[in-house]
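J.:
Numbering (this note's numbering), first residue to last: 614 to 706.
1) Excluding sequence positions up to five away, which residues of its chain have a Cβ less than 8 Å from the Cβ of residue 695?
2) For the putative contact between residue 567 and residue 662, defined by C-beta atoms under 8 Å, what is the C-beta separation to the nearest angstrom?
3) Give the list of continuous beta strand (DSSP E) stretches no shorter than 3 residues that lie fully inside the stretch 651–689.
4) With 16 other CB atoms within 10 Å as the buried threshold, where does residue 654 fall?
5) Rounded to whole angstroms, what's the CA-CA distance from residue 692 to residue 698? Just pull it up for me.
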């Protein structure tokens, strides 16, 4: 990831942290998943996705990231995030 891509990523993360309602262009719940959410970052021809889940009222756990190359989020990427969520919840107790 270049420094400009990292800057845009930090900007999107700050939007999610600060805005009471984040546009779905940047943050949305994925359907047909175990409550997995997706952070979307578009930079030129590169599309980065961070997957995770919400824990409590103010904590978002992003536990998987990948560079997206297709329109639909690949099921294997969602499965990795879902497995990470299960592991997190087991460790947390």
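Ideal Cβ positions, reconstructed from N, Cα and C, are used throughout, including at glycine.
T.: Working from what's here:
1) Around residue 695: 646, 647, 649.
2) With the chain covering only 614 through 706, there is no way to say anything about residue 567.
3) The stretch 651–689 is shown to contain whole beta strand (DSSP E) runs of 3 or more residues at 659–668, 672–681, in chain order.
4) With 16 or more other Cβ atoms within 10 Å, it is buried.
5) Taking the CA atoms as reference points, residue 692 sits about 10 Å from residue 698.
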